[in-house]
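One structure below.
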Amino acid sequence: MEPIDNDPNQTGIGNQWDLFSGAHHMNVVESTITSIGRDGYYTYITNLPESKPKEITTDALLLQTPQPPVIFMGRSKLVEEAVNILRGTNQVHIAILGAGGIGKTSVALHIMGNHFIKEKFAGRCYFIPCEMLPDATILMQGLMQAIGLQVTQGKDSFKLLLDYLNSGQKVLLVLDNFETPWSGSGQTKIRNLIEVICRCESVSVIVTMRGTDGPGQIKWHKLGGGSGLPALALGAAKEAFYSFSSDGSYTIKQEDAILEQLLIEMDGMPLAVMLIAELAKELPLKKLMEMWNIQKTAILKKFGLGERENRLTSIEVSIELTLNIVRDKLSPTGKNVLRLVALLPSGIPDWLENLPKMLTDTNMQGDDTTTQAVILKKSCLIYQAGDTLKILTPIGEYIMKSFQGTDHLENQAWRFYESFINSLPQNSTTGDIQLELHVGNIFKILEIQIKKSFERSHMKVLQQLYNYSQYFSGLVPLVEIYLGWKSQMNLSDQTKLMFLQERMLSFMGEYERAIGIINDVEEHHKHQENQVVTYASSITMNSAIEQTKAECNQRLGRIFYFQSNYTLSQQNAQQAKDLYEKIGDMRGVAQCFQNLGDICMMLDQYEDAKVMLQQAKEQFEGVGDRLGAAQCLRSLGDICRMLNQYEDAKVMLEQAKEQFERVGSRWGAAHCLHSLGNICSMLYKHEDAKVMLQQAKEQFEGMGDRREAAQCLRSLGNISRMLNQYEDAMVMLQQAKEQFEGVGSRRGAAQCLRSLGEICGMLNQYEDAKVMLKQAKEQFVGVRSRLGVAQCLQSLGDVCTMLNQHADAKFLLQQAKEQFVGVGSRLGAAQCLRSLGDICRTLNQYEDAKLLLQQAKEQFEGVGSRLGAAQCLQSLGYICMMLNQLEDAKVMLQQAKEQFEGVGDQQGAAQCLCSLGTIDHQEGPGCQIV
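Under my numbering, the sequence shown is numbered contiguously, ending at residue 1202.
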């Protein structure tokens, strides 16, 4: 009953390691599996036995046993989980399940090789390669050979095996690829055998097998969850790829975008990652990506001389083995379910409800789509993530290749999604969530349908999808494909779609392409314009031509506005306004007034901006355009905010936000939230500001608006700067600057650069600060932002002050003050007055300093800046101290302290308290006056 030569320190197949050097007789015969798909015959060499071998030898088992892979990424937690369970006092059986190529055997080998497992089972860990043991009799022979049990005369081998397993010694059996005997004709005997073995109290069993269910009526601990081992995360897949390909001919960079895309296509299947990494030793990634796009899974195999295709060297063979197991259980409906999941990149969300709706035309012949889906799930050809049926990409690509003829499924999916979009709730979070789940499928099916034929219904869906700006990057190519049917479209529809395309490109910051689209629209209408004659019927055509011209000018004006080219923006907006007035389009006139008002606001011409925006608002209200009126109200609120008229600004912005919400404009509401957050920041309500700005940022990101999301990030960075959290501030502002540059917003990038320069000044990095501030000033000049130039001059003056370059500082601050006055920024002018007063104080010019600081204090109070007023009081208190006017100093410093505390400036309050202590204890140690 004892195993032969079983060293207690040995882990493996009985005495296999001693016999390896003398291995000479292996009864494993490679076989050929031929399966018939819809597109022909597939022949693969496998390791399955052609016929039952007469005898299983230890040598044969040994040569079929792999070593634990050296490259083993992303699975350590699973191994640790299994080891911890097996180390416990209770008997446990572990099922390592999942799709072919997901790495089940590798996990089992690493569990078996763990030192805690070797210690607990004292060398009685046996690996049984079941793919060569197709039935119960041969499996039992394999177990006997692996353990090293010899059948003596008169002894029954089964009884001998059970006697050993029941001997009380801890035993671990690893039954690898157990689907081979389990799926054979003798499943009942296999079930009985595994159940008997698992009832032996000293025995723990690990099975690895394809599918989601362990064999028999046994309580299995399913490693990795009920669906089997998960795919590798992208990070782990990258690590594995680098390890496999590290000795290849090509150097691969860590952040290579092509590599990331290629690994996304591998979908975390370890076998696929290994095979593509092997190819990467010989071919550059760009070429591999091209090959994958054309040949798909055909390239996922080993190409070495003499390599035989089997489940370990070819992804297609691995998938085909699973298909062979499940094929007989699939009805025509089941095959359609498999094709459909493979066809749809987002899978089938809420599949219990939606799958039957997508397969309405299938002749079910009594089959149930749900039952067939369950069979496919249990085979691991598909899997369930939440409520969605999905498929790993390599498996999906092979299914699409093997199961030809998906036209009827494409048409059914199109009918489903056409109805889905028509019934989608508009301007609601619910609608957004529903669309997000299906949008990948919609884009793929819509592209297929557009390429097949020209249908006006396709244009309707494109226009409906335009309401979701977060998907513009995927929608633009579909519009381009649809415009390929221009010969069957009238000019009006062409123009509508081209304008749709232009607006999406502008939104994404691709301004040159957007301008090109507008130029194409103008070219298309030139031919029509040349055909216009003087008879009465041409009046309508003339009006349409001028309408298109006006719209082209207006759109060009908006693009130049986003590019901060305000001269060209004004010219085009004015031309558009003249044309709209000529044809009597009052809504168009209102839009142009709005555009011109926004331009004046950006040029700090606030009074002109207010007049134009008020006119635009009234005209929008006159034509019943509530959205346009709300946009004007928002801009008027922003002007009040820029002029530090915070209470008026808050009222207008809150009203505008409510109006945006009523008309379903989430973008407009988010913009108001952003502006309200900035107001809270200026009123030192920093926590409220951060909440609002973060919410606005997330909303803009959800809508795909990178420019406005960057504005929110810049505002958050400035709050961190004001709170002296300089590291956080610099990270946010640098990110925002890069995002502005990415969408072509020179003004936004300049604002970030100015803030970064100011932070360098606060960190005493004066030379860096001056360089950044001068660069920012030049950029502001380039976009004609007088306010931005004034702010840079002010900051440069402050840097010169810190460097004791007082003459330069006074010159720069005086220039800045004059420009602030010129653009109506009372806050900026007050700040310059305060800085000039502090310079005079430093130079002991106390009378001049008192005059400037008193003026500054009054201006700060006039714009509601409590912090600025407190800083002036503090400086005035210091002057009184220097003039030995101690009672006046105490009053001013006490007032300043209270105001600092009121706005949450603890540093300012502490400085005042220290100075008050100096006054009270003139004989004691004093505090430095700052």
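Even glycine gets a Cβ: it sits at the ideal position worked out from N, Cα and C.
In this structure, the straight-line span from the alpha carbon of Trp757 to that of Gly746 is close to 19 angstroms. In this structure, Cys872 keeps its C-beta atom at 8 angstroms or more from the C-beta atom of Met858. Ala354 is the residue among Glu1010, Ile855, Ala354 and Arg1138 whose C-alpha sits nearest the C-alpha of His382.
With a cutoff of 8 angstroms on beta-carbon distance, Thr641 and Val609 are scored as near each other.
Gly414 and Gly360 have their alpha carbons spaced roughly 28 angstroms apart. Approximately 20 angstroms separates the beta-carbon atoms of Leu369 and Met546; this is outside 8 angstroms, ruling out the contact.
Just measuring C-alpha positions, the residue of Met541, Ile855 and Cys1104 sitting nearest Arg347 is Met541. The beta strand (DSSP E) runs of length 3 or more contained entirely in the stretch 373-453 are, from start to end of the chain, 397-401 and 443-448. Nearest to Val342 by C-alpha distance, out of Met1153, Val923, Glu959 and Glu511, is Glu511. The shortest CA-to-CA distance from Cys904 to any of Gln877, Leu915, Cys944 and Tyr918 is the one to Cys944. Judged by pairs of C-beta atoms under 8 angstroms, the stretch 1149-1161 does not touch the stretch 1174-1183, as fewer than three such pairs exist.
Residue pairing of Tyr655 in beta bridges, as defined by DSSP: Lys662. Under the three-state reduction of DSSP output, Gly1134 falls in the helix class. Rounded to whole angstroms, the separation of the alpha carbons of Met563 and Thr678 is 23 angstroms. Membership of Arg599 in any beta strand (DSSP E) is not indicated, and neither H nor E is assigned to it by DSSP. The alpha-carbon of Lys559 is positioned some 10 angstroms away from that of Ile530. Shown here for Gly1054: same chain residues with a beta carbon closer than 7 angstroms to its own, the five before and five after excluded, namely Arg1018 in chain order. Less than 8 angstroms divides the Cβ of Leu1005 from the Cβ of Leu1028.
One alpha carbon belongs to Arg1056, the other to Phe834, and they sit about 13 angstroms apart. The C-alpha of Gly1069 lies about 49 angstroms from the C-alpha of Asp704.
Short of 7 angstroms from the beta carbon of Gln1127, and not among the five residues preceding or following it, lie these beta carbons of its own chain, in chain order: Leu1105.
Between Gln422 and Thr337, the alpha-carbon positions lie close to 21 angstroms from each other. The beta carbon of Phe1092 sits closer than 7 angstroms to the beta carbons of Ala1062, Gly1100, Ala1101 and Cys1104 from its chain, once the five residues preceding and following it are set aside; these are given in chain order. With a threshold of 16 other beta carbon atoms within 10 Å, Pro604 falls short and is exposed. Cβ atoms of Leu615 and Met561 stay farther apart than 8 angstroms, at about 22 angstroms. Uninterrupted beta strand (DSSP E) stretches at least 3 residues long and entirely within the stretch 971-1006 do not occur. In the DSSP assignment, the residues bridged to Trp492 are His365.
Taking a C-beta distance under 8 angstroms as the contact criterion, Ala845 and Gln826 qualify as a contact pair.
Ranked by how close their Cα comes to the Cα of Glu537, the residues Ile524, Thr569, Glu527 and Leu763 have Thr569 in first place. In this model, Lys957 and Met994 are separated by some 12 angstroms (Cα to Cα).
Within the DSSP secondary-structure output, Gly370 pairs in a beta bridge with Arg482 and Gly483. At the C-beta level, Lys882 and Cys864 stay beyond 8 angstroms of one another.
Straight across, the Cα-Cα distance linking Asp539 with Ile400 is about 30 angstroms.
The three-state secondary structure of Ser618, taken from DSSP, is coil.
Contact between Trp686 and Thr660 fails: their C-beta atoms lie close to 20 angstroms from each other, not under 8 angstroms. Contact between Leu465 and Met412 holds: their C-beta atoms lie close to 7 angstroms from each other, under 8 angstroms.
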